[in-house]
Structure formats: C-alpha cells, structure tokens
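Worksheet: the structure to be examined is printed underneath.
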C-alpha cells in the first residue's frame, strides 16, 4: 500500500493498518473481552475469546474489569433460525435423528449461556462485585464454551453441524426479562435454567443410550457433572447479594419468580446444597430435585 493511501474503510476515519491492529490487539480488560465475544457472530471465536479471557484473568495478566456496556443483542451466526419455544418443531418434524436434535438443542443452550454470561458481566459492571465473583463467572463461561465445543464436534462427527436445524430463543428472552437486576439474572438463569438442565440429566443420558449413541450420552453426562458447580456458584453469589441487601434468599427468590412470570417447572430449582461434582447419580448427597420449595436456599 502506498504511503498515505487510505483503504475503502477510510469513511470511518481509520486506515486499514489501524483496523488490523485493533483486531489483533489483545483485550486489556474483562469488559473488552466481553464486548468482543458479544459482537462476534462466529461461535468458535466466542469460545476462543472466552477461554483466553479466563486464562488471562485467572493468571492476573489482566486485572481491570473495564467499563463497557453490552450491545442490545449478542451477535449471532446466520443459522440456526430462532423460533419461539412454543413453535419449535420436534425431531420427527425436522426429519433428524433424536440424538442430533438433542445435541443441537444442548449446543444452542451452551452458546447462549456464553453470550448471557458475558452480557451479565458488562451489564452489571457497576454492581461493585468482588474480584472473586468475576473469577468464578469467567471460569463458568469457559466451561460453557468448552461444552459447546464438545457438542458441536459431536454433531460434526455424526455428519451434522450447529445451525442445521432451528432453535428456540427462550434463554435469550429470559435474559432480556432479567436485564434490570443482577439478583434476578442469577435467580432465573443460574438457578432456574441451570437446575432445570440438571433435572433432565439422567433422562437425557438414557435417551442417548436407548438410541444406540452411548458416546453422546457420555459427553452429556460429563457436561452435566460440571454444571453442578455452575449452580453452586450462582447460588453463592445470589446469597451474597441477598445478604448485602439484607434479604432472605428464599423470599427474594419467590419474589423474583413472581415478578418475572417466568415458568418454573414443579421440580426445577429444588436442590440439595451438599453437592459435589464428584458424586454420581444415585449416590447419597447427589444433586437432585426435591419437593421442598426451593431447598437449596435454606
């Protein structure tokens, strides 16, 4: 390029070289990482940036939260087509095997969890949360990104790919509903949605196994074991906020569910507090649903 010559991007006031520098420069704050994730439409790039942010925050290569607001909506790839959950066709209607349908649904949930988690960090950046909160949360997001990678790779191994069938937008909608309050976001996304997934753990694994796909069942079993820690971290910081605001956690949880009008299944959000990720289904102390309302808040 000749000296002084501008690229076709000159209209925005930056030469091509400057734009390339901006693209390759390592993010300097946690919020900058979040901004890059939320404005990238490429799932693999979202995952890569999330892993990088977790490693650099964990090792204190970056220590500044930063101050960047989230975009109105996270950038998404052209596919999958997003539909209202009530209008989502089933596996038979889409003419795909049940394991593919389930893997795709789970991959979509994990990718949405990455976007919503970064949205949380940026949206509630003025909440004066301690550094440990961000350490926990970015670690959770790195897990979610890795889970997406496992599920996406499994789809490819079976001859499909993420985006090949439609997906629902309920998780993102619930994120919007709770965008006004960090406590509400933790209650609905980290406690209701995450525990609902754990409620389905054994049933999901059985459905894969009964469809002669034990490898996918193994992957989902591994993911669910790791999700236990996500619920525990969500609960930890929900309780922290309740204590800070001098609120009873159970009362606060009930109020949020009532105010948001987000459906909570009969067994969702009822969990024992004495759970470890090493425990297997059926063992004493294993995470499970219970009829007590919501037992993990007691």
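Residue numbers (mature numbering (1 follows the signal peptide of the UniProt record, and there is no 0)): -21 to -1, 1 to 277.
Backbone N, C-alpha and C define an ideal beta-carbon position, used for all residues, glycine too.
These numbers come from a predicted model, not from an experiment.
Query raised in the report: With DSSP run on the structure shown, which of helix, strand or coil describes residue 126?
Result: Counted from its first residue, the chain shown places residue 126 at position 147. Reduced to three states, the DSSP call for residue 126 is helix.
Report task. Note down the Cα distance separating residue 24 from residue 96, rounded to an integer number of angstroms. Result -> Here residue 24 corresponds to residue number 45 of the chain shown, with the count starting at 1. Here residue 96 corresponds to residue number 117 of the chain shown, with the count starting at 1. About 15 Å.
Query raised in the report: Are the C-beta of residue 104 and some C-beta of chain B separated by less than 7 Å?
Result: The displayed structure is made up of one protein chain only, and chain B is not part of it.
Report task. Tell whether a beta-carbon distance below 7 Å holds between residue 213 and residue 170. Result -> By 1-based counting over the chain shown, the position of residue 213 is 234. By 1-based counting over the chain shown, the position of residue 170 is 191. Against a cut-off of 7 Å, the Cβ pair of residue 170 and residue 213 comes out as a contact.
Report task. Quick one: grab the DSSP three-state call for residue 140. Result -> Residue 140 sits at position 161 when you count from the first residue of the chain shown. The answer is coil: DSSP assigns residue 140 none of H, G, I, E or B.
Query raised in the report: Which residue or residues does DSSP assign as beta-bridge partners of residue 170?
Result: Along the chain shown, read from residue 1 onward, the residue named residue 170 stands at position 191. Answer by DSSP bridge pairing: none, since residue 170 is not bridged.
Query raised in the report: Helix, strand or coil: which one does DSSP assign to residue 4?
Result: Counting from 1 along the chain shown, the entry for residue 4 is found at position 25. When DSSP states are grouped into helix, strand and coil, residue 4 belongs to the coil group.
Query raised in the report: What residue from 174, 219, 163 has the CA that sits closest to residue 153's CA?
Result: For the purposes of this step, residue 153 is taken as the residue at position 174 of the chain shown. With distances taken between Cα atoms, residue 153 lies closest to 163.
Query raised in the report: Skipping 5 residues on each side, what residues in its chain have a beta carbon closer than 8 Å to that of residue 101?
Result: Locating residue 101 in the chain shown gives position 122, where the first residue counts as 1. Cβ within range, chain order: 10, 13, 14, 17, 47, 48, 49.
Report task. Using the DSSP secondary-structure output, state which residues sit across from residue 134 in a beta bridge. Result -> Taking the first residue of the chain shown as 1, we reach residue 134 at position 155. DSSP output for residue 134 lists no bridge partner at all.
**Report entry** residue 94 versus residue 51 - alpha carbon distance
**Finding:** If you number the chain shown from 1, residue 94 lands on position 115. If you number the chain shown from 1, residue 51 lands on position 72. In a straight line, the C-alpha of residue 94 is about 12 Å away from that of residue 51.
Query raised in the report: Quick one: is residue 115 buried, meaning 16 or more other Cβ sit within 10 Å of its Cβ, or exposed?
Result: Residue mapping note: residue 115 aligns to position 136 of the chain shown, counting from 1. It counts as buried.
**Report entry** Assigned exposure category for residue 184 - 16 Cβ within 10 Å defines buried
**Finding:** Taking the first residue of the chain shown as position 1, residue 184 is located at position 205. Burial call: buried.
**Report entry** Exposure of residue 193, with buried meaning 16 or more beta-carbon neighbours within 10 Å
**Finding:** Here residue 193 is taken as the residue at index 214 of the chain shown, counted from 1. Under this definition residue 193 is an exposed residue.
**Report entry** Which of helix, strand or coil DSSP assigns to residue 233
**Finding:** Start at 1 with the first residue of the chain shown, and residue 233 comes out as number 254. Correct three-state label for residue 233: helix.
Requested in this report: Please confirm whether residue 209 and residue 119 have their CB atoms less than 7 Å apart.
Outcome: Residue 209 sits at position 230 when you count from the first residue of the chain shown. Residue 119 sits at position 140 when you count from the first residue of the chain shown. Yes, Cβ-Cβ distance for residue 209 and residue 119 is below 7 Å.
**Report entry** Contacts around residue 130, its chain only, beta-carbon distance under 6 Å, and the 5 residues preceding and following it disregarded
**Finding:** The residue given as residue 130 occupies position 151 in the chain shown. 82, 85, 86.
Query raised in the report: Using 8 Å as the threshold, is the stretch 69 to 76 in touch with the stretch 29 to 40, meaning 3 or more CB pairs across them?
Result: no
**Report entry** When 146, 8, 134 are compared against residue 55, the one with the closest alpha-carbon
**Finding:** The count along the chain shown starts at 1 and reaches residue 55 at position 76. The option with the nearest alpha carbon to residue 55 is 146.
**Report entry** Residue from 221, 232, 205 whose Cα sits closest to the Cα of residue 124
**Finding:** Position 145 of the chain shown holds residue 124. Out of 221, 232, 205, 205 has the C-alpha closest to the C-alpha of residue 124.
Requested in this report: Within its chain, find whatever has a CB closer than 6 Å to the CB of residue 272; leave out the 5 residues flanking it on each side and keep chain order.
Outcome: As a position in the chain shown, residue 272 is number 293, starting the count at 1. Confidence in residue 272 is poor, its pLDDT being 38 and thus under 50, which makes the residue's placement unreliable; the coordinate value appears in the next sentence. Taken in chain order, the list of residues that qualify is empty.
Query - Cut-off 6 Å between Cβ atoms - residues of its own chain near residue 320, not counting five sequence neighbours on either side - result: Limits of the chain in this structure are -21 at one end and 277 at the other, which puts residue 320 out of reach.
Requested in this report: Taking residue 22 as part of the alpha helix (DSSP H), name the residues at either end of that continuous run.
Outcome: Looking up residue 22 in the chain shown gives position 43. Element bounds for residue 22: 22 to 37.
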